[in-house]
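Heads up, the thing below is written out as structure tokens.
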Amino acid sequence: MTDTKPAEITLSPQQRQAWVDMVTEVSAELGMAIPPAVEFDCTSELKGAMRYDHDRDTVTIFGGWVEAASDPQELASKALASHELGHRLDRERLLKRGAALRAAYCILGIALAVALVIGAVEAFQSSGRFGPVVPIWVLLLPFVFALLRALLIAVVRWPDEYRADAVAASLYGPQGVHAFLDVIGARTESRLASWLSPSHPTDRMRRARHPQ
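Numbering (this note's numbering), first residue to last: 113 to 324.
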């Protein structure tokens, strides 16, 4: 059974330029002398709608968002762009924190490996009738470490999203934040946008901070 690749949308040079111009316009409104680079992922999946990559200083606009909100000048698109550019205002801090997070993941990985080795030794030392007996705590370790990683991401990422939402609200009001969350919520299959995520608070939590 073969995987079905997502369809791709076609953007004319004029359409691409309209989106680039919008990002440039919003970045100027935020006081940025130099706008970020803009690139396009034209698959029809919504994915992240738009995404700011602080390592490459690039805003990616996804084809699924363009399908859902075709006019770059509409409120939802401009508010979402200001949200992503809100992350850019934090770029230096994000770069430093990214290095710290990579170090933390490395430490977690080493700790997991050491714990698994200790568990394996303990298992062979307490072999039963049918061979080594794996301690229960060893079986639970991967789940515990996955939970710790998710909690670590949530602790550092959720405040980022709240700050970026506040930037969008400062330019376009609470209605701007609600506008792009409405588009994402309507487009995302199975209402995934409203689920709890390590990287993003739920839509309800984000809307509650910007009542209309």
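Quick reminder that beta carbons are idealized off the backbone N, C-alpha and C, glycines included.
Owing to the predicted nature of the structure, the values given are computational and were not obtained by experimental measurement.
Nearest candidate by alpha-carbon position, reference residue i, set the options
{"i": "Thr172", "options": "Pro310, Ser182, Val150, Ala215", "result": "Val150"}
{"i": "Arg261", "options": "Ala276, Leu213, Gly231, Ala235", "result": "Leu213"}
{"i": "Arg163", "options": "Cys154, Thr155, Phe174", "result": "Phe174"}
{"i": "Trp131", "options": "Glu120, Val178, Leu142", "result": "Val178"}
{"i": "Leu263", "options": "Ile222, Arg200, Ala216", "result": "Ala216"}
{"i": "Glu168", "options": "Gln185, Glu204, Glu186, Thr155", "result": "For clarity, residue 168 is Arg in the given sequence; the question names Glu instead. It is Glu204."}
{"i": "Leu142", "options": "Arg299, Val229, Arg200, Ile222", "result": "Arg200"}
{"i": "Gly285", "options": "His322, Arg269, Trp270", "result": "His322"}
{"i": "Leu283", "options": "Gln129, Val138, Met134", "result": "Val138"}
Coarse secondary structure for residue i, derived from DSSP in three states
{"i": "Arg163", "result": "strand"}
{"i": "Thr136", "result": "helix"}
{"i": "Cys196", "result": "The sequence shown places Glu at residue 196, rather than the Cys named in the question. Of the three classes helix, strand and coil, the one that applies to Glu196 here is helix, per DSSP."}
{"i": "Tyr186", "result": "Position check: residue 186 holds Glu in this sequence, whereas Tyr was assumed. Note: Glu186 maps to coil in three-state DSSP."}
Cβ pair residue i, residue j closer than 8 Å
{"i": "Ala191", "j": "Phe292", "result": "yes"}
{"i": "His166", "j": "Leu206", "result": "yes"}
{"i": "Asp277", "j": "Asp202", "result": "no"}
{"i": "Asp315", "j": "Gly288", "result": "no"}
{"i": "Val295", "j": "Ala188", "result": "yes"}
{"i": "Glu186", "j": "Cys154", "result": "no"}
{"i": "Val250", "j": "Leu228", "result": "yes"}
{"i": "Ala180", "j": "Arg299", "result": "yes"}
Opening and closing residue of the beta strand (DSSP E) in which residue i lies
{"i": "Val150", "result": "149-153"}
{"i": "Ile173", "result": "170-174"}
Whole-angstrom distance between residue j and residue i, CA atom to CA atom
{"i": "Leu123", "j": "Phe255", "result": "43 Å"}
{"i": "Gly210", "j": "Met317", "result": "25 Å"}
{"i": "Thr170", "j": "Pro148", "result": "5 Å"}
{"i": "His312", "j": "Arg275", "result": "12 Å"}
{"i": "Ser182", "j": "Gly231", "result": "55 Å"}
{"i": "Ala161", "j": "Phe152", "result": "11 Å"}
{"i": "Ser194", "j": "Val267", "result": "23 Å"}
{"i": "Ile265", "j": "Ala258", "result": "11 Å"}
{"i": "Thr136", "j": "Ser309", "result": "30 Å"}
{"i": "Leu253", "j": "Ala320", "result": "36 Å"}
{"i": "Ile248", "j": "Glu234", "result": "11 Å"}
{"i": "Gln237", "j": "Ala225", "result": "18 Å"}
{"i": "Lys208", "j": "Ala281", "result": "26 Å"}
{"i": "His290", "j": "Val279", "result": "13 Å"}
Any non-hydrogen atom of the ligand SAM within 7 Å of residue i CB
{"i": "Phe236", "result": "Ligands are entirely absent from the displayed structure, and the ligand SAM is therefore not among its contents."}
Range covered by the alpha helix (DSSP H) that runs through residue i
{"i": "Arg275", "result": "248-299"}
{"i": "Ile219", "result": "203-237"}
{"i": "Ala181", "result": "That residue, Ala181, is in no alpha helix (DSSP H); it is neither H nor E in DSSP."}
{"i": "Ala316", "result": "In the sequence on display, residue 316 carries Arg and not Ala. First-last of the alpha helix (DSSP H) with Arg316: 315-320."}
Any C-beta of chain D under 8 Å from that of residue i
{"i": "Ile296", "result": "In summary, chain D is missing from the structure at hand, where a single protein chain is found."}
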